[in-house]
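As structure tokens, this is what we get:
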């Protein structure tokens with residue numbers, strides 16, 4: 255059965271500058287692979303584990319700098335696979351359920367599809383035929 259513990263290393267291995275939000279691509283680095291991966295990652299996690307998307311804000315010096323996504327699993331557990339991307343002074347605040355429209359995302363569609371393909375391919379050997 256697919257679990258958070260199994261999924262975490264697969265996501266980390268699948269992240270790259272080509273799967274992050276283009277707005278944050280300049281900040282992506284191999285030593286901080288979770289940077290700008292939250293949106294695509296939250297969508298792939300929802301595809302695999304279900305549950306809700308949660309949308310919060312990242313504040314820097316008390317002002318909103320950008321949005322941040324994570325997941326609430328069907329059992330109510332909140333999991334944020336990209337929480338380690340934040341540096342000192344970057345604080346996630348709030349968080350509410352964000353409805354996911356049907357179909358692929360309008361923003362970051364290519365990044366989402368690439369990340370999804372990598373993770374699903376990594377899972378393929380362990381999934382029953």
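In this note's numbering, the protein residues as written are 255 to 383. We treat Cβ as the ideally placed atom computed from N, Cα and C, and that holds for glycine. Just so you know, these numbers come straight off a predicted model, no measurement behind them.
Measure the C-alpha to C-alpha separation of residue i and residue j and round it to an integer number of angstroms.
i	j	result
residue 376	residue 267	9 Å
residue 307	residue 297	7 Å
residue 329	residue 312	25 Å
residue 351	residue 324	10 Å
residue 364	residue 273	8 Å
residue 300	residue 369	13 Å
residue 279	residue 379	31 Å
Where does residue i land, buried or exposed, given buried means 16+ other C-beta within 10 angstroms?
i	result
residue 288	buried
residue 314	exposed
residue 360	exposed
residue 261	buried
residue 322	buried
residue 316	exposed
residue 283	exposed
What would DSSP say about residue i, mapped onto helix, strand or coil?
i	result
residue 361	coil
residue 262	helix
residue 289	coil
residue 276	helix
residue 379	helix
residue 369	helix
DSSP beta-bridge partners for residue i?
i	result
residue 283	286
> Curious, which full-length beta strand (DSSP E) runs of at least 3 residues does the segment 298-357 contain?
Replying inline: 306-314, 317-326, 344-352
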